[in-house]
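Reviewing the structure listed below.
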DNA sequence: GCATAAAGTTAAGCCTGCTTAACTAAAAAG
DNA sequence: CTTTTTAGTTAAGCAGGCTTAACTTTATGC
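Take a look at the structure:
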C-alpha cells in the first residue's frame, strides 16, 4: 500500500461511504421487486440504452446466447419487456421495456435519489456552490475518460 | 418528476456515471474470484466490520440462519474465513477473514481505486483543491446522516 | 434443577441461472 | 442455388442459494 495523495484519499473516503449506501438501497429494491439480480440488471441496461438485441445481452453480461434467451423470456412473461422482430434482419430480435418495466426501474432510481436529496439538505448555503462546481468537474473528467475506452 | 435543484442534478449526474463504472468493475472482480455474489458480499462486510456472528449475517442479508450457516461453510472450506467459538457464549460463533480472505478483498478494492486514480490524473492543479474540499464536505455530511439511522 | 429459548448445523427439496448440444430460420458467401 | 454463417430458441442437466423442518448444544427464567 503506497500512501495515496490527499485528493485520492478524499475520493476514496467519499466512495466508500457512497458505495455502501447506494449498493444497499439498490440491492434492497431489486429484491423487493421479486426479480433476480440478472433480470434486474437487464432492465437497467435497457433503461439506459433504450433497446438491445439478444447477442448484445450475452456479450454485455458475458453469458451464452442460450442464457440470454432464457432470461429475457422470463421478463417477457412478466410483461417487463417486449420482443420485436428486426425488419431488416428477421433473425434478429430487438427488446425494449414495456411501460410496466419502465415504471419499475424509474421507481428504483427515485429511491436511490432519495438519500442524495437528504444529503443535500444537510449542506449549508456556502457549501452548495462548491459542491456543484466540484461534481461538475468530476463528471466532466469522467466522461472524457470513458470516451476513449 | 419534479424538477430537481441544480445541486441535486449535479449529484445525480455524478452518481450515475460513478455507479456505472464502479458496479461494473466490482461485479467483474467478484466474478473473477470464482466466488458468488452472496459469498463475496459477506467477505466485504467482514472487511468493513472486522468480525461477525452467524445471526448478524442472517439479519444483515435477510436470509435464514440455515442459509447463513451454509454460505459461511463454503467460505471456510475455501479458507477465506475462520470460524471461532465465542468464549462468553459457546453457542455463538464469531467469523473473521483469514489472511487469504483479507488479501482478496484488498486486491478488489485496489482495483476499484484504479479508475479513480486515472480520474485524478485528468484534473488540473486548480481543480484538485476544489474537488478535495467538496468531497470532504459531502463525506462529512454523509457520515452525519448515517449516524442516526 | 428443569423447562424454555436461543445459536447454529444438517438434510431434503425447490427455484434459478448457467452451460452444452441439438435444432430452426434467415442472411451471406461462393 | 447450394453451402456456410449468424441469430436465436429449446431441452437436459448441473451448481448455487434459499427455505422449511428436525436436530444438537449452550444459556436463561422461574
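Protein chains in written order, with the numbering used here: chain Z, 1 to 149; chain W, 150 to 298. Even glycine gets a Cβ: it sits at the ideal position worked out from N, Cα and C.
Whole-angstrom distance between residue j and residue i, CA atom to CA atom
{"i": "residue 136/Z", "j": "residue 116/Z", "result": "16 angstroms"}
{"i": "residue 114/Z", "j": "residue 93/Z", "result": "36 angstroms"}
{"i": "residue 22/Z", "j": "residue 169/W", "result": "12 angstroms"}
{"i": "residue 156/Z", "j": "residue 48/Z", "result": "No information on residue 156/Z is available, as it lies outside the stretch 1 to 149 that chain Z covers here."}
{"i": "residue 43/Z", "j": "residue 16/Z", "result": "26 angstroms"}
{"i": "residue 210/W", "j": "residue 96/Z", "result": "32 angstroms"}
{"i": "residue 84/Z", "j": "residue 74/Z", "result": "15 angstroms"}
{"i": "residue 125/Z", "j": "residue 226/W", "result": "54 angstroms"}
{"i": "residue 121/Z", "j": "residue 4/Z", "result": "31 angstroms"}
{"i": "residue 86/Z", "j": "residue 183/W", "result": "37 angstroms"}
{"i": "residue 229/W", "j": "residue 239/W", "result": "23 angstroms"}
{"i": "residue 176/W", "j": "residue 27/Z", "result": "13 angstroms"}
is_contact[residue i, chain W] using C-beta, thresh 9 angstroms
{"i": "residue 144/Z", "result": "yes"}
{"i": "residue 112/Z", "result": "yes"}
{"i": "residue 8/Z", "result": "yes"}
{"i": "residue 123/Z", "result": "yes"}
{"i": "residue 76/Z", "result": "no"}
{"i": "residue 128/Z", "result": "yes"}
{"i": "residue 71/Z", "result": "no"}
{"i": "residue 47/Z", "result": "no"}
{"i": "residue 86/Z", "result": "no"}
Proximal residues to residue i (C-beta, below 8 angstroms), its chain only, five neighbours per side dropped
{"i": "residue 213/W", "result": "207"}
{"i": "residue 272/W", "result": "280"}
Proximity test, Cβ basis, 9 angstroms: residue i and chain Z
{"i": "residue 283/W", "result": "yes"}
{"i": "residue 267/W", "result": "yes"}
{"i": "residue 154/W", "result": "yes"}
{"i": "residue 186/W", "result": "yes"}
{"i": "residue 238/W", "result": "no"}
{"i": "residue 180/W", "result": "yes"}
Contact list for residue i against chain W, beta-carbon separation under 8 angstroms
{"i": "residue 139/Z", "result": "159, 162, 163, 166"}
{"i": "residue 22/Z", "result": "164, 168"}
Close Cβ partners of residue i (< 7 angstroms) along its chain, the five nearest in sequence each way excluded
{"i": "residue 260/W", "result": "174, 178"}
{"i": "residue 99/Z", "result": "none"}
{"i": "residue 287/W", "result": "none"}
Contacts around residue i, its chain only, beta-carbon distance under 6 angstroms, and the 5 residues preceding and following it disregarded
{"i": "residue 180/W", "result": "none"}
{"i": "residue 82/Z", "result": "96, 98"}
Please determine if the stretch 132-145 of chain Z and the stretch 185-202 of chain W are in contact, where contact requires at least 3 C-beta pairs separated by less than 8 angstroms. no
Pair every Cβ in the stretch 4-21 of chain Z with every Cβ in the stretch 45-54 of chain Z, then say whether three or more of these pairs are closer than 8 angstroms. no
Check whether the stretch 251-261 of chain W touches the stretch 215-222 of chain W, taking contact to mean three or more Cβ pairs, one atom from each stretch, closer than 8 angstroms. no
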